[in-house]
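Structure record follows, encoded as C-alpha cells.
Put into C-alpha cells, the structure is as follows:
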C-alpha cells in the first residue's frame, strides 16, 4: 500500500508595506540632502571657473533621466533589490550579483564616512571631548537609528528634512542680505560669465556637481515596503 502526500508550497516572504508617498519623498530628500551642494561648491567653482550654478543645472538634467529610468524599472519590478534586481532580471544574474555587491559596499562605506565626517565636525565645535568619544557616539547613534523599524526611520527622516531645510533657509536669507548690498550686481553672471566661460571647464565641473544628486536611487530599495510601489516610487 502506497501513500501519497500533497506537495507543500512555501509562500514567498515579503516585507511589510508601511510607507506612503510622503515617507518616500522625505527619505529621498534625506538621501540627496538639500545641503549637498555646500561641501562641493568651492571645488566646483574652481573647476568650472565660477559657473557652479550652471554645472549643477546641467547635472540635474542628466540625473533626471536616470531617476526616470529607476522609476520605470521600479514599476516593472516592485520588489526590494533596486539595481540588483533590475540588472539581474533584465541583463544577467552574474552582472546582477556584481551590482548587488557594489550597492552593498556603498551602504557599508557610507556610514563609516558619515561617522568620520560628523566626528571631525563635532570635534571642531567641542574640542574638549576627544575624537574617539565622538566616533563612538556617532557610530552608536547611526546604528540605533538603523536597527529601529522602518516607521521610526520615516519619522526620523521627517525631523532631518526639517533641520536641513532650516539650514538652507538660513543660508538663503544670509545670501539675500549680502546681495542687497552688492553694487552693480549681475544676475546672469553665476550662469554665464563671458570672461571665464569654457565648455571644458563646465564639463569638468559637471562631473563633480552630479555628486550632489547621489542618493535618489535609494528610494527604489523600498519598493517592497511601500504602498502602491508601481506609482509611488516613480512619483517620489
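Numbering (the numbering used here), first residue to last: 644 to 879. Glycine included, each C-beta is placed from N, C-alpha and C at the ideal position. The model shown is predicted, which means the values in this text are computed figures rather than measured ones.
So, is residue 694 buried or exposed, given that buried needs 16 or more other C-beta atoms within 10 angstroms? If you number the chain shown from 1, residue 694 lands on position 51. With 16 or more other Cβ atoms within 10 Å, it is buried.
Residue(s) in a DSSP beta bridge with residue 707: By 1-based counting over the chain shown, the position of residue 707 is 64. Answer is none; residue 707 lacks a bridge partner.
What span of residues does the alpha helix (DSSP H) with residue 850 cover, start to end? By one-based count along the chain shown, residue 850 stands at place 207. Here the alpha helix (DSSP H) through residue 850 covers 842-852.
Check whether the segment 660-680 and the segment 841-859 touch, using three or more Cβ-Cβ pairs below 8 Å as the test. Short answer: they touch.
Inter-residue spacing [alpha-carbon to alpha-carbon] between residue 667 and residue 862: The count along the chain shown starts at 1 and reaches residue 667 at position 24. The count along the chain shown starts at 1 and reaches residue 862 at position 219. A straight-line Cα-Cα distance of about 6 Å links residue 667 and residue 862.
Please state whether DSSP places residue 869 in a helix, a strand or coil. Position 226 of the chain shown holds residue 869. In the three-state DSSP reduction, residue 869 falls in the strand class (E or B).
In the structure shown, what three-state DSSP assignment does residue 674 receive? Counting from one through the chain shown, the residue named residue 674 turns up at place 31. The answer is helix: DSSP assigns residue 674 an H, G or I state.
Relative to the C-alpha of residue 843, which candidate in 687, 819, 780 has its C-alpha closest? Mapped onto the chain shown, residue 843 falls at position 200. Per the Cα distances, 687.
In chain order, what residues of the same chain have a beta carbon less than 6 Å from the beta carbon of residue 691, not counting five sequence neighbours either side? Residue numbering aside, residue 691 sits at position 48 when the chain shown is read from its first letter. For residue 691, where only same-chain residues beyond five positions count, the Cβ hits under 6 Å are 698, 844, 845, 848.
Taking just the CA atoms, how far does residue 721 sit from residue 645? As a working note, residue 645 is residue 2 in the chain shown. As a working note, residue 721 is residue 78 in the chain shown. Reliability of the predicted coordinates at residue 645 is poor, the pLDDT of 47 falling under 50, and the value obtained from them is presented with this limitation in mind. Cα to Cα, the separation comes out at about 44 Å.
Run through DSSP, which three-state label would residue 591 get? This structure does not reach residue 591, given that the chain is present from 644 up to 879, and the question cannot be answered.
What residue range is occupied by the uninterrupted alpha helix (DSSP H) comprising residue 693? By one-based count along the chain shown, residue 693 stands at place 50. It is not in any alpha helix (DSSP H) - residue 693 carries neither H nor E in the DSSP assignment.
For the candidate residues 865, 851, 866, whose alpha-carbon lies nearest to that of residue 701? Against the chain shown, residue 701 aligns to sequence position 58. Checked all of 865, 851, 866; the closest Cα to residue 701 is 851.
From the DSSP output, in three-state form, read off residue 662 for me. For this step, residue 662 is matched to residue 19 along the chain shown. Residue 662: strand per DSSP, three-state reduction.
Pairwise C-alpha distance: residue 760 and residue 716: Position 73 of the chain shown holds residue 716. Position 117 of the chain shown holds residue 760. Those two C-alpha atoms are separated by around 33 Å.
Residue 772 to residue 689, Cα distance in whole Å? Looking up residue 772 in the chain shown gives position 129. Looking up residue 689 in the chain shown gives position 46. When rounded, the distance between both Cα atoms is 35 Å.
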